[in-house]
Amino acid sequence: MNQPVSATAQSVLHPAGPDAAIIADFAWVLFGGGALIFIGVMALLVLAVRRRPEPVNARRWIVGAGFAFPVVVLSILLVWSTWRSAELTPQTSKGAFTVGVTAKMWWWEVRYHDPTSGREIASANEIRIPVGRPVYLGLTSSDVIHSLWIPALNGKIDTVPGRVTGLTLQADKPGVYRGQCAEYCGEQHARMTLHVVAMPQDEFDRWLANEARPAASTAGAADQQLLERGRAAFLEQRCQACHTVRGIDGVEDARKNALLGPDLTHVSSRLHIAAGPLRNHRGTLAGWVADPQAIKPGARMPAAADLDGETLHALAAYLEHLK
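The numbering used here puts the first residue of the sequence shown at 182, with every later residue one more than the last.
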């Protein structure tokens, strides 16, 4: 289920969806217009320096350059921008696939609706969407104001505690699109990233069906002992006080645990951990569990400094197995 990590540049100039393309048009028009005005001003400056002093018609310059030019230019921009803005997708959940996103310090909780069972499916720091289909994000925050910005797919929007705001995404082609919290929210604001993975509809359907299932063991007999030791370490370290692993006895209180830390039922299927700073594999999982403060100072996760190397390796293997 893992996708290759080949995220596009986080730039408004690389649109991959209809709304992002409109916003990119605005950017290019502003860049182009600003460049032309700059060139014109520099040309006038050169003429003023090189020419001998001559009488200047002040009224002509004031009326022409100071009044007529900005009125004409700004009026044209107003008409054009109003016309283009009207083509942006209306922010409505009607007819769109809906995903709930809650911003937290400093990670993103993501929730889907399973059409088969009707249950909620919890994930974190990654949104998977079908290609060519509008996806409505219902956004809120559990602590302070954050702001979600995925420039390749749409503009940014604030997430406000106690309120739900909406943002529509649509990807025209498969890929991984990087997003970021764009509102300063504390010490680890810069490391609060999110990736959107756009998949063909059939792949997305299979992925969503797998996410709805509880954690299940597919390990061979040779690995089973290692995974059992890792699972025991997970419980002994009281990881289940903050995290949920559906299908594992003692770790299933999803509604309570998800308030504190990400759901880990299928953590290994995600591209990154710690909301972006680390690629997801056994080594980074072990490093994050051992000392999260070394990677993300201020993160609300205690270090497991008392674990010996073999137990830490087993715990990382257990987490890597949760796909």
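Just so it is clear, CB atoms sit at the ideal spot from N, CA and C, and this is done for glycine as well.
Assess contact between the segment 320-339 and the segment 380-392, defined as three or more Cβ pairs (one per stretch) separated by less than 8 Å. Is contact present? no
Buried or exposed for V316, going by 16 or more other Cβ atoms inside 10 Å? Counting from 1 along the sequence shown, the entry for residue 316 is found at position 135. Buried, since its Cβ has 16 or more Cβ neighbours within 10 Å.
Which runs of the alpha helix (DSSP H) at least 4 residues long sit entirely within the segment 248-277? Give them in chain order. 250-266
Going by beta carbon distance, what residues of the same chain come within less than 6 Å of P443, once the five residues before and after it are set aside? The sequence position of residue 443 within the sequence shown is 262, counting from 1. The answer, listed in chain order, is A305.
Going by the CB atoms, is the gap between H376 and G360 shorter than 8 Å? The count along the sequence shown starts at 1 and reaches residue 360 at position 179. The count along the sequence shown starts at 1 and reaches residue 376 at position 195. Cβ distance < 8 Å, so G360 and H376 count as in contact.
Across the segment 278-294 and the segment 258-267, are there enough close Cβ pairs to call them in contact, namely three or more that are closer than 8 Å? no
The alpha helix (DSSP H) with R387 in it runs from where to where? As a first step, residue 387 is located in the sequence shown; it is residue number 206 there, counting from the start. Run containing R387: 382-393, per the alpha helix (DSSP H) assignment.
C-beta contact flag for A497 and A475 at 8 Å: The residue labelled residue 497 in the question sits at position 316 within the sequence shown. The residue labelled residue 475 in the question sits at position 294 within the sequence shown. No.
Quick one: what does DSSP say L500 is sitting in, helix, strand or coil? For the purposes of this step, residue 500 is taken as residue 319 along the sequence shown, with counting starting at 1. Three-state DSSP puts L500 in a helix.
Residue from E290, K504, R419, V230 with nearest C-alpha to H462: The residue labelled residue 462 in the question sits at position 281 within the sequence shown. Nearest C-alpha to H462: K504.
Leaving out the 5 sequence neighbours to the left and right, which residues in its chain are closer than 7 Å to V448 when beta-carbon positions are compared? Position 267 of the sequence shown, counted from the start, is the residue given in the question as residue 448. Result list for V448: L500, L503, in chain order.
Could you name the residues that DSSP lists as bridge partners for T279? Taking the first residue of the sequence shown as position 1, residue 279 is located at position 98. Its beta-bridge partners are Y317.
Please work out which residues of its chain come closer than 7 Å, Cβ to Cβ, to A197, disregarding the five sequence neighbours upstream and downstream, and give them in chain order. Within the sequence shown, the letter at position 16 stands for residue 197. Same-chain partners within the cutoff: T189, A333, L334, A352, D353, K354, G356, Y358.
Identity of the residue in N391, E368, S450, R427 nearest P478 by Cα: Position 297 of the sequence shown holds residue 478. For the residues N391, E368, S450, R427, the minimum Cα distance to P478 belongs to E368.
Is the distance from the Cβ of V291 to the Cβ of I310 below 8 Å? By one-based count along the sequence shown, residue 291 stands at place 110. By one-based count along the sequence shown, residue 310 stands at place 129. I310 sits away from V291, with the two beta carbons spaced by 8 Å or more.
Assign Y293 to buried or exposed, taking buried as 16 or more other Cβ atoms, counted over all protein chains shown, within 10 Å of its Cβ. Locating residue 293 in the sequence shown gives position 112, counting from the first residue. Buried: at least 16 other Cβ atoms inside 10 Å.
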